[in-house]
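What follows is a set of notes on a single structure, which appears directly below.
Number of protein chains: 2
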Amino acid sequence: MTVSRALNDRSNVDKKTKEKIIQKAKSMGYTPNRVAKSLVSRKTQTIGVVIPEITHAFFPEVVRGIEEVTYRSDYQLILTNANEQFEREQHAVNTLRSQQVDGILISSSQTVEDYAFYKEIVNSKTHLVFFDRCIQGIGASCVHVNDRESSELITRHLIEVHQYEKIAHLSGPREVTIGRERYMGYQEALEKSNLTENRDWIVEAGFKEEGGYQAMKKILELPQSDQPRAIVCVNDPVAFGAMEAIKEAGRKIPDDFAITGFSDEIRAPLVEVPLTTVHQPAYEVGRRAAEKLLKLIDGESEQPEDIEITATIQIRKSCGC
Amino acid sequence: MTVSRALNDRSNVDKKTKEKIIQKAKSMGYTPNRVAKSLVSRKTQTIGVVIPEITHAFFPEVVRGIEEVTYRSDYQLILTNANEQFEREQHAVNTLRSQQVDGILISSSQTVEDYAFYKEIVNSKTHLVFFDRCIQGIGASCVHVNDRESSELITRHLIEVHQYEKIAHLSGPREVTIGRERYMGYQEALEKSNLTENRDWIVEAGFKEEGGYQAMKKILELPQSDQPRAIVCVNDPVAFGAMEAIKEAGRKIPDDFAITGFSDEIRAPLVEVPLTTVHQPAYEVGRRAAEKLLKLIDGESEQPEDIEITATIQIRKSCGC
DNA sequence: TTGTAAGCGTTATCAT
DNA sequence: ATGATAACGCTTACAA
Chain D
14 MTVSRALNDR SNVDKKTKEK IIQKAKSMGY TPNRVAKSLV SRKTQTIGVV
64 IPEITHAFFP EVVRGIEEVT YRSDYQLILT NANEQFEREQ HAVNTLRSQQ
114 VDGILISSSQ TVEDYAFYKE IVNSKTHLVF FDRCIQGIGA SCVHVNDRES
164 SELITRHLIE VHQYEKIAHL SGPREVTIGR ERYMGYQEAL EKSNLTENRD
214 WIVEAGFKEE GGYQAMKKIL ELPQSDQPRA IVCVNDPVAF GAMEAIKEAG
264 RKIPDDFAIT GFSDEIRAPL VEVPLTTVHQ PAYEVGRRAA EKLLKLIDGE
314 SEQPEDIEIT ATIQIRKSCG C
Chain B
14 MTVSRALNDR SNVDKKTKEK IIQKAKSMGY TPNRVAKSLV SRKTQTIGVV
64 IPEITHAFFP EVVRGIEEVT YRSDYQLILT NANEQFEREQ HAVNTLRSQQ
114 VDGILISSSQ TVEDYAFYKE IVNSKTHLVF FDRCIQGIGA SCVHVNDRES
164 SELITRHLIE VHQYEKIAHL SGPREVTIGR ERYMGYQEAL EKSNLTENRD
214 WIVEAGFKEE GGYQAMKKIL ELPQSDQPRA IVCVNDPVAF GAMEAIKEAG
264 RKIPDDFAIT GFSDEIRAPL VEVPLTTVHQ PAYEVGRRAA EKLLKLIDGE
314 SEQPEDIEIT ATIQIRKSCG C
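Residue numbers (this note's numbering), protein chains in the order written: chain D, 14 to 334; chain B, 14 to 334.
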């Protein structure tokens, strides 16, 4: 007990004893066992982070934001990559709970409408904050950008500034918030300009480059007269995939197809035709999500919160500007 | 005890009892406490990863490789970012040890010649594998590419193919393996062609873009007649920083300065003048490092190993090709 | 097949 | 100022 007190710098230990203990500990190469400590304190100083895809540059940047906050508060990050598979995501969350993490930050790959899994987690009082891809209506906090509005704005840019009327959408899965929201923004922009939606021009592409490539191929298979003039993509990787398909088909950006993305990841300004996209402050998203989670852990803020961060349109050449 | 047996699917439990227990556990929302389990088993199924800079695209890619291996073996990753500060790195390692991780994967930011810290870690029998930036001669394993040779090859490309004779080097810190090795490769290439090294053309730039920018500025301050014709950079971010400085000065790549990098990160083929660089198989580095660590943990391979992965030269336009 | 006792390394609580 | 005891939740070893 005295050893414990000395090593934790408590007041009620004799100076000399303390000195001796610290010396001895050092000479032994002693390291306190946090596992044992956690067992009694019911606190691990550990936060679980689940991301859907570590290769999408948006997420490492979010992790940096999270890191900034957690480092200062002496929390460790347990990072897991769900690889866009809900099954892996569930496994990750269960393991993290079993590891007694003090809280979980997650961007969900879930593509089913059944929210039982997360409802149970929330009910179990596990501290949980979603970021970017949220599951709403189950009483969990969420940090995300104004997806719908931004998607509407970028679509309207195509309509109002460039006078394009035939606009396609390479969408994310409809069951994922950002997939749904960005699609709705696109729809609203069309409606406001009295453009009618063309079913052939809405193609689900997932969130990855390969999906964008495949989706664009479908559009390129339409008779030329039925092809759209502009493409609104659910995110940057999908836009890059689509660009690849367009290039392969010998068509030109923005002359044959204007195209837009969403994320503004590191490659967006660098590709052959720089990508007009929505700038999502990834670092900020991570920071805010981590801050909210720490508040929940510290019991400072009981109520769930929906935190919206404003994204901005980043105009480059791919839209025809 | 019977509960423990049932939940761990041991053989000696009555079928009906087991069924009942599992049902009850589910209905209670019971999650086993791995912290308690770890305390007795002295195993956490957890691996610590320390990287110097999460924004350098090379490292997330390494993490992906690590992830692939550890996911299959049911290990969790605790990720920490040392931000190129050795102090933070030490703190991270100490915390990880205190957390009883089963092993540590680390790319060191250490810039001092004093290896006492890691010697102690190795002696304490903590399983440790370095990757990319190693600390050698202390009996730890290391996974890295053939830095010196690759650096020599890319420098010789500048000399032999392009006939450049005035070649500068924006180096990493001399105390870090890759800084030293890549510098030595550069030197050897010069020697083999009987070119003499010019002190003004060796500028330490660290590993980040900003460092590359500043270092290049110094070179641009030399009288034009004393300026080099080509720049060999210690890694891609430094090369990007240098490119920025060159552009600002109104000079041209590769006409005024040829330039090369090292990493072949995601931006290398995309920048204005695509970067000739050394392609480092980051995913492979991560995979191999994780595999070696798991072997050490399982006691399969006692002896430390130096694992060298072959990098390849990636020719693009920035060298004048 | 089921149960009891002890211990993993730490800290809170209550003596001394 | 120091120490003894119990407890955190689990598993191993040994009964019953």
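A virtual CB, placed ideally from N, CA and C, is assigned to each residue, including glycine. Given the structure is predicted, the values throughout are model-derived calculations rather than measurements.
Exercise. Can you list, in chain order, the stretches of the alpha helix (DSSP H) that have 4 or more residues and sit fully within the stretch 194-257 of chain D?
Worked result: 222-233
Exercise. Which same chain residues, not among the five before or five after B/E102, have their C-beta less than 8 angstroms away from its C-beta?
Worked result: V63, P65, A95, I119, S121, S122 and Q123
Problem set entry | B/R329 at chain D interface by Cβ criterion, 8 angstroms | no
For this session: Look up B/F130 in the DSSP assignment and give the residues it is bridged to.
Result: According to DSSP, B/F130 bridges with nothing at all.
Exercise. Going along chain D, which residues have a C-beta under 7 angstroms from B/L52?
Worked result: V48, A49 and L52
Exercise. Can at least three beta-carbon pairs, one atom from the stretch 249-263 of chain B and one from the stretch 218-225 of chain B, be found at a separation below 8 angstroms?
Worked result: yes
Exercise. Among all the DSSP beta bridges, which residues are the ones paired with D/T139?
Worked result: The partner list for D/T139 (beta bridge, DSSP) is empty, contrary to what the question assumes.
Exercise. Is it buried or exposed for D/T290, if we count other Cβ within 10 angstroms and need 16 for buried?
Worked result: buried
Exercise. So, helix, strand or coil for D/L90, using DSSP?
Worked result: strand
Problem set entry | Distance, D/R47 Cα to D/K37 Cα | 19 angstroms
Exercise. Is D/Q89 close to chain B, meaning its C-beta is less than 8 angstroms from at least one C-beta of that chain?
Worked result: yes
Exercise. How long is the line joining the alpha carbons of D/P287 and D/I191, rounded to whole angstroms?
Worked result: 23 angstroms
For this session: Using alpha carbons as the reference points, say which of D/I167, D/V16 and D/L109 lies closest to D/I328.
Result: D/I167
For this session: Anything in the stretch 268-288 of chain D with a Cβ closer than 7 angstroms to a Cβ of chain B? List those residues in chain order, please.
Result: I279, R280, L283 and V284
Problem set entry | Beta-carbon proximity check, B/D213 vs B/L235, cutoff 8 angstroms | yes
Problem set entry | Members of the stretch 94-114 of chain D near chain B, C-beta cut-off 9 angstroms | N94, N96, R101, A105, N107, T108, L109, R110, S111, Q112 and Q113
Exercise. When Cβ atoms are compared, which residues of the stretch 179-200 of chain D fall closer than 8 angstroms to chain B?
Worked result: none
Problem set entry | Beta-bridge pairing of D/G7 - partner residues as DSSP gives them | Given that chain D is displayed from residue 14 to residue 334, the structure contains no residue 7 of chain D and the question cannot be resolved.
Exercise. So D/I272 is in the alpha helix (DSSP H); what residue range does that whole segment cover?
Worked result: D/I272 -> not in any alpha helix (DSSP H); beta strand (DSSP E) instead, spanning A271 to T273.
For this session: List the residues of chain B whose Cβ lies closer than 7 angstroms to the Cβ of D/L92, in chain order.
Result: L90 and L92
Problem set entry | Pairwise C-alpha distance: B/Y196 and B/S164 | 8 angstroms
Problem set entry | Within 9 angstroms of chain B by C-beta, residues of the stretch 56-69 of chain D in sequence order | T57, Q58, T59, G61, V62, I67 and T68
For this session: Could you check how far apart the C-beta atoms of D/T83 and D/A303 are, in whole angstroms? I think they sit under 8 angstroms.
Result: 6 angstroms
For this session: Sort out for me which residues DSSP pairs D/C155 with in a bridge.
Result: D/F143 and D/D319
Exercise. At a CB-CB cut-off below 8 angstroms, which residues of chain B make contact with D/P336?
Worked result: Here chain D has residues from 14 to 334 only, and residue 336 of chain D is not among them.
For this session: Could you work out which residues of chain D lie near B/P73, taking near to mean beta carbons separated by less than 9 angstroms?
Result: I67, T68, A70, F72, P73 and V76
For this session: Take the Cβ of B/T273 as the centre, count every other Cβ of all protein chains shown within 10 Å, and call the residue buried at 16 or more, exposed below.
Result: buried
Exercise. Which partner residues does D/H292 have in the DSSP bridge list?
Worked result: D/S276 and D/T325
Exercise. Does the Cβ-Cβ distance between B/F144 and B/V298 come in under 8 angstroms?
Worked result: yes
For this session: Would you verify that the beta carbon of B/T290 is, or is not, closer than 8 angstroms to some beta carbon of chain D?
Result: no
Problem set entry | 8 angstroms contact criterion, which B/I244 and B/A202 should meet: CB distance rounded | 14 angstroms between Cβ atoms; not a contact.
Exercise. Taking the alpha carbon of D/E162 as the point to measure from, which residue in D/F72, D/I148 and D/I322 has its own alpha carbon closest?
Worked result: D/I322
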